[in-house]
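Undergrad: The structure's right below; bear with me while I get my questions together.
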Amino acid sequence: MKVLVTVKEVAIVEDGFEIAGTEVDDTYLGYDLNEWDDYAVEEAVQLAEAGDDVEVVAVTIGPERSEETIRMALAKGADRAVRVWDDAIADVELLDVETKARLLGAVVEQEEPDLVLSGVQANDDSFGATGVALAETVGFQWAAVVNALDTGTVLEEGVASVRRELEGGVEELTDVDLPAVLTIQTGINEPRYASLRGIRQAQSKEIDTRTVADLGLDASVAESSLDVTAMYEPESESDAEYFDGDPDEQAAQLADVLVEKGVVSE
Amino acid sequence: MTVLVVADHRRGELRDVSFELLTAGRELADAAGAELHAAVISGDTDAFADELNREGVDAVHAVDHGEEFNHDVYAQAATALADDLAAEFLVVPNSVNGLDYAPAVATRLDRPYVSDAVGLDYADGTLEVTREMYGSKVETTVAVDDGPFVVSVRGAEWPPAEGTGDAAVRAFDADVDEAAVGSTVRGFEEVGGGGDVDIGEAEFLVSIGRGIEEEENLELVEELVDATDAMLSSSRPIVDNGWLPKNRQVGQSGKQVSPDVYLAIGISGAVQHVAGMKTSDTIVAINTDPNAPIFDIADYGIVGDLFDVVPELVEQFGGDPPDV
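In structure tokens form, the structure reads like this:
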């Protein structure tokens, strides 16, 4: 069985930052593995540990810098990695869902996985759509916002028995036929830390870089229909009363409020 | 031109976001000089169609197929109806179910998709969608000038549509291809865990978030809870880490609460969390980041380190703060 796990290097914005045009100024950005994808990687690695002959392939769309991120997936147990990039993609300010789905779709067609795991959303652009759009693009089944997966039925019956986390503390139990794309919610497992040995081994694992042409696609695939026209810090709607002073003074003022509101007695 | 919105329902009830969609859809229809149509797929479509017939709605389309949400049925029905109406705009909720079918519909219709809109504007053939990035730290406007469009709308951003409308209610036969339905919903389950605690009943909730850093540090907050006779709740990461059971989680996927006082400690205020607690009478926030979104909805704020402030607060109420 082959499991493809999509990972994304996301930009993390520091607390104090400046916006230059329609982007956050580079100097205020750090990069990390998308939180939701970390859970997807863990789920894939757990499947590999539970089954015989399960190969885990990590795939990302990203510049050379993102190899650092995809090596985290390798260090945690992915067998190999694919990175999709070329100049046409680099020129796009905001990759739309369709473009990401078509690029990843071409990788799916080359790799022919049985199962694709993808984070529910990315914590930079928060589209929350790539996994389902990918499934539709390649004709796979899918389930979104999965917070439990029955490893046994996946490995033995070719069915993904999942729980989907709905709003308000309710879960939906759903069976999805394979091949399928599942979008993974945080909390489904406990992502492992990469071991030193894993990190060392990841350095020697293969990262296969593929261009749009390698994927058999035309450069026009990167033509995004979305255009970021403005970026700004949201105006604070805060009319909060702030408690100033040292921590003991702040705590004293807060204590007064709690007593005044009648939830704590003196 | 037509704006088509697709309602959300679960276990026999339309969800609030359905009525908010009508308001968002009407705004868009007014800007575009279009009609507003609503669709309801599956469930008690007659009753749902009646409820959706609110002021400003021109037509309601009822697709009678099965009881509950199934993304294959929704994807087929929404695609067919949008095609049939040649709807310029398809507006869906950015709910868990919306996430489960809308991207597929956009792909099938070969339309651009913009998700999680908090504002919509349409002029001269261009749709401008306001959305957030980087965990609400920035807002962007994204222009799409290549309609028709599919856009998903964040809950609780538009007021619900009210009043009674005079919409034409029509049945729509979506002709669902059963062979293409590859998922089977087996049922629902309420999730809890950790005894019969109901944080929805508490008058005073002390709620903890990512700022607590380590599981061992929870002891400090528990001491505050003891000293003030409060109830302990949390934001999602604490439950994801397994430090507290699911029934302590406040937010969209957890519990909706509205205590007299909600004390948010080390919680940044992600939109999913805020959705679960913003109706609290008094909201107090302690956070090191002065720009944390939680302060936007707080009545009282302390910009400071919880590890400095909380021990002092414990002492204020006669407790003995542990050394963390």
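Residue numbers (the numbering used here), protein chains in the order written: chain A, 664 to 929; chain B, 35 to 358.
Note that CB positions come from ideal geometry on N, CA and C, so glycine has one too.
Quick one: what does DSSP say A:A744 is sitting in, helix, strand or coil?
TA: Looking at A:A744 - three-state DSSP - the assignment turns out to be strand.
Undergrad: According to DSSP, is B:S302 helix, strand or coil?
TA: DSSP places B:S302 in coil when its eight states are reduced to three.
Undergrad: Select from the region 226-241 of chain B all residues with a C-beta closer than 8 Å to any C-beta belonging to chain A, and list them in chain order.
TA: Those would be G226, E237 and F238, in chain order.
Undergrad: Do B:V219 and B:N104 have their C-beta atoms closer together than 7 Å?
TA: Result yes, Cβ atoms of B:V219 and B:N104 sit closer than 7 Å.
Undergrad: Ignoring anything shorter than 4 residues, give me the alpha helix (DSSP H) runs that lie fully in the region 684-744 of chain A, in order along the chain.
TA: Counting whole runs of 4 or more residues, the region 684-744 of chain A contains the alpha helix (DSSP H) stretches 698-713 and 730-738.
Undergrad: Under 7 Å, Cβ to Cβ, is there at least one residue of chain B near A:E772?
TA: No, A:E772 lies away from the interface with chain B (no Cβ there is under 7 Å from its Cβ).
Undergrad: Going by Cα to Cα distance, which pick from A:D715, A:G693 and A:V822 is closest to A:T732?
TA: Comparing Cα-Cα distances from A:T732 to each of A:D715, A:G693 and A:V822, the minimum goes to A:G693.
Undergrad: Could you please give the first and the last residue of the uninterrupted alpha helix (DSSP H) stretch that includes A:K763?
TA: Per DSSP, A:K763 belongs to the alpha helix (DSSP H) from V760 to E774.
Undergrad: With 16 other CB atoms within 10 Å as the buried threshold, where does A:T892 fall?
TA: With fewer than 16 Cβ atoms within 10 Å of its Cβ, A:T892 is classed as exposed.
Undergrad: Buried or exposed for B:D134, please, with buried defined as at least 16 other CB atoms from any protein chain shown within 10 angstroms of its CB.
TA: By the neighbour-count rule (16 or more Cβ atoms within 10 Å), B:D134 is buried.
Undergrad: I want to see whether chain B comes within less than 7 Å of A:N697, judged by CB atoms only; does it?
TA: False, the Cβ-Cβ gap to chain B never drops below 7 Å.
Undergrad: With a threshold of 8 Å on Cβ separation, who are the neighbours of A:Q866 within its own chain once the five nearest residues in sequence on each side are excluded?
TA: Answer for A:Q866: R734, listed in chain order.
Undergrad: Count the other C-beta atoms from every protein chain shown that fall within 10 angstroms of the C-beta of A:Q773, then say buried if there are 16 or more, exposed otherwise.
TA: By the neighbour-count rule (16 or more Cβ atoms within 10 Å), A:Q773 is not buried but exposed.
Undergrad: List the residues of chain A whose Cβ lies closer than 7 Å to the Cβ of B:A177, in chain order.
TA: Within 7 Å Cβ-Cβ: D890 and T892.
Undergrad: For a contact defined as C-beta to C-beta under 7 Å, what are the partners of A:K924 on chain B?
TA: Result: D294, V295 and T316.
Undergrad: Note the first and the last residue of the continuous beta strand (DSSP E) segment covering B:D155.
TA: Per DSSP, B:D155 belongs to the beta strand (DSSP E) from G153 to A157.
Undergrad: Using a Cβ-Cβ distance under 7 Å, would B:G46 count as near chain A?
TA: No, B:G46 does not count as interfacial toward chain A.
Undergrad: Pick helix, strand or coil for B:H95, following the three-state DSSP scheme.
TA: Three-state result, B:H95: strand.
Undergrad: Could you check whether the Cβ of B:K312 sits closer than 7 Å to any Cβ belonging to chain A?
TA: Not one chain A Cβ lies under 7 Å of B:K312.
Undergrad: For A:A683, count the other beta carbons within 10 Å of its own beta carbon; 16 or more makes it buried, fewer makes it exposed. Which is it?
TA: Exposed, since its Cβ has fewer than 16 Cβ neighbours within 10 Å.
Undergrad: Counting C-beta neighbours from all protein chains within 10 Å, is the total for B:A205 16 or more, i.e. buried, or is it exposed?
TA: The residue in question, B:A205, is exposed, as its Cβ has fewer than 16 Cβ neighbours within 10 Å.
Undergrad: Report the residues of the region 783-807 of chain A with a CB closer than 9 Å to any CB of chain B, ordered along the chain.
TA: Residues V783, Q784, N786, D787, D788, S789, F790, G791, A792, T793, G794, V795, A796, L797, A798, E799, T800, F803, Q804, W805, A806 and A807.
Undergrad: Start and end of the alpha helix (DSSP H) containing A:I862?
TA: It spans L859 to S867 - the alpha helix (DSSP H) in which A:I862 sits, taken as one unbroken run.
Undergrad: So, with DSSP's three-state summary, where would you put B:N281?
TA: The answer is helix: DSSP assigns B:N281 an H, G or I state.
Undergrad: Counting only beta-carbon separations shorter than 7 Å, does A:Y691 have a partner in chain B?
TA: By this cut-off, A:Y691 is not an interface position.
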